[in-house]
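**Student:**
Chains as they are written, first to last, in this note's numbering: chain A, 1 to 110; chain B, 111 to 223.
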């Protein structure tokens, strides 16, 4: 079973920030938080990951709470092409496989 | 640099036939994974290779599924004989131990009729 819980769906206006929450209250100290998305029927696309510090890359920012029991993925300026299912996954590093949950279906509206 | 490539992208076969899916991981990636999503369900892990060895095959549904990775490069996933419930999309993914982010291919769609 997935070790994360996410809202089933969210809407966001085009050009606004999309904030996607994820709860992972049972995360252990050496588990990372990964975010992926699946656009339409394409393969899951890596977005970002982190351990305890906040992370930012060209796609998004990841904010992890101090107790690491939850995190938020931020898409700073959502576009229509960001409409997708977003998956939050916790995982030990070094080769362990992913356990996917149902994710959050984000709809970016014009 | 090429990403994870999968072949065929789509396949339609009759129940009882055999299908072989191929995955070419990113060059230099020792970890290779197979996942699948059947209709209406979540993406599920099938198995994990480290080079040519099966590290974890706990997700393989039954003995009709056979995965190989000879030489530790590309991998094949054979379904024999195929059943209707095998229909879905099969994703391959790979990662290196140096930078352990998993990258997925576009998937192989399998329809069993």
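Think of the CB as a built atom: it goes at the ideal place given N, C-alpha and C, for glycine as much as any other residue.
#1: For chain A, find out if any of its Cβ atoms is closer than 8 Å to the Cβ of residue 126(B); answer yes or no.
#2: So what does DSSP say about residue 67(A), is it helix, strand or coil?
#3: Under 6 Å Cβ to Cβ from residue 158(B), same chain only, skipping five residues before and after it: list those, please.
#4: Can you give me the start and stop residues for the beta strand (DSSP E) that residue 130(B) sits inside?
#5: For residue 29(A), go through chain B and note every residue whose CB falls closer than 7 Å to its CB, in chain order.
#6: In whole angstroms, what is the alpha-carbon distance linking residue 139(B) and residue 183(B)?
#7: Buried or exposed: which applies to residue 168(B), given that a residue is buried once 16 or more other Cβ atoms fall within 10 Å of its Cβ?
#8: Chain B partners of residue 101(A), CB-CB under 7 Å?
#9: Residue 199(B) versus chain A: which residues are under 9 Å apart at the beta carbon?
#10: Closer than 8 Å by C-beta to residue 211(B): which residues in its own chain qualify, once you throw out the five before and the five after it? Chain order, please.
#11: From the beta carbon of residue 77(A), is the nearest beta carbon of chain B less than 8 Å away?
#12: When Cβ atoms are compared, which residues of the stretch 174-191 of chain B fall closer than 9 Å to chain A?
#13: Scan the stretch 135-209 of chain B and note each continuous alpha helix (DSSP H) run of 4 residues or more that stays entirely inside, going in chain order.
#14: Answer yes or no: do residue 53(A) and residue 61(A) have a C-beta to C-beta separation smaller than 8 Å?
#15: Thinking C-beta only, is residue 79(A) closer than 8 Å to residue 14(A)?
#16: Quick one: what's got a C-beta closer than 6 Å to residue 12(A)'s C-beta in the same chain, skipping five residues either side?
#17: Between the alpha carbons of residue 150(B) and residue 102(A), how many angstroms are there, rounded?
**Tutor:** Result, derived from the coordinates:
#1: To locate residue 126(B), count along the second chain from 1; it is residue 16. Judged by the 8 Å Cβ criterion, residue 126(B) is not in contact with chain A.
#2: For this step, residue 67(A) is matched to residue 67 along the first chain. For residue 67(A), the secondary structure class from DSSP, reduced to helix, strand or coil, is coil.
#3: One-based indexing of the second chain puts residue 158(B) at position 48. Here residue 158(B) has 143, 165 and 166 as same chain residues with Cβ atoms under 6 Å from its own Cβ, once five neighbours each way along the sequence are excluded.
#4: Mapped onto the second chain, residue 130(B) falls at position 20. Note, residue 130(B): beta strand (DSSP E), 129-134.
#5: Looking up residue 29(A) in the first chain gives position 29. Near residue 29(A) there are no residues of chain B at all, since even the closest Cβ is about 17 Å away, more than 7 Å.
#6: Start at 1 with the first residue of the second chain, and residue 139(B) comes out as number 29. Start at 1 with the first residue of the second chain, and residue 183(B) comes out as number 73. Approximately 8 Å between the Cα atoms of the pair.
#7: The sequence position of residue 168(B) within the second chain is 58, counting from 1. Around the CB of residue 168(B), fewer than 16 other CB atoms lie within 10 Å, so the residue is classed as exposed.
#8: Taking the first residue of the first chain as 1, we reach residue 101(A) at position 101. Residues of chain B passing the Cβ test: 152.
#9: Within the second chain, numbered from 1, the residue matching residue 199(B) stands at position 89. Within chain A, 41 and 43 have C-beta atoms less than 9 Å from the C-beta of residue 199(B), given in sequence order.
#10: Residue mapping note: residue 211(B) aligns to position 101 of the second chain, counting from 1. Listed in chain order, the non-local C-beta contacts of residue 211(B) below 8 Å within the same chain comprise 205, local neighbours out to five positions each way being set aside.
#11: Along the first chain, read from residue 1 onward, the residue named residue 77(A) stands at position 77. Not closer than 8 Å to any Cβ of chain B, the Cβ of residue 77(A) fails to qualify, so no.
#12: Against chain A - using a Cβ distance shorter than 9 Å - the stretch 174-191 of chain B contributes no residues.
#13: DSSP runs (the alpha helix (DSSP H)) wholly in the stretch 135-209 of chain B: none.
#14: Position 53 of the first chain holds residue 53(A). Position 61 of the first chain holds residue 61(A). Result no, Cβ atoms of residue 53(A) and residue 61(A) do not sit closer than 8 Å.
#15: In the first chain, the residue the question calls residue 14(A) occupies position 14. In the first chain, the residue the question calls residue 79(A) occupies position 79. Contact flag set, yes.
#16: By 1-based counting over the first chain, the position of residue 12(A) is 12. Within the same chain, residue 12(A) has close Cβ partners 18, 78 and 108.
#17: Translated into the one-based positions of the second chain, residue 150(B) becomes position 40. Translated into the one-based positions of the first chain, residue 102(A) becomes position 102. Taken atom to atom, the span from the alpha-carbon of residue 150(B) to that of residue 102(A) is near 10 Å.
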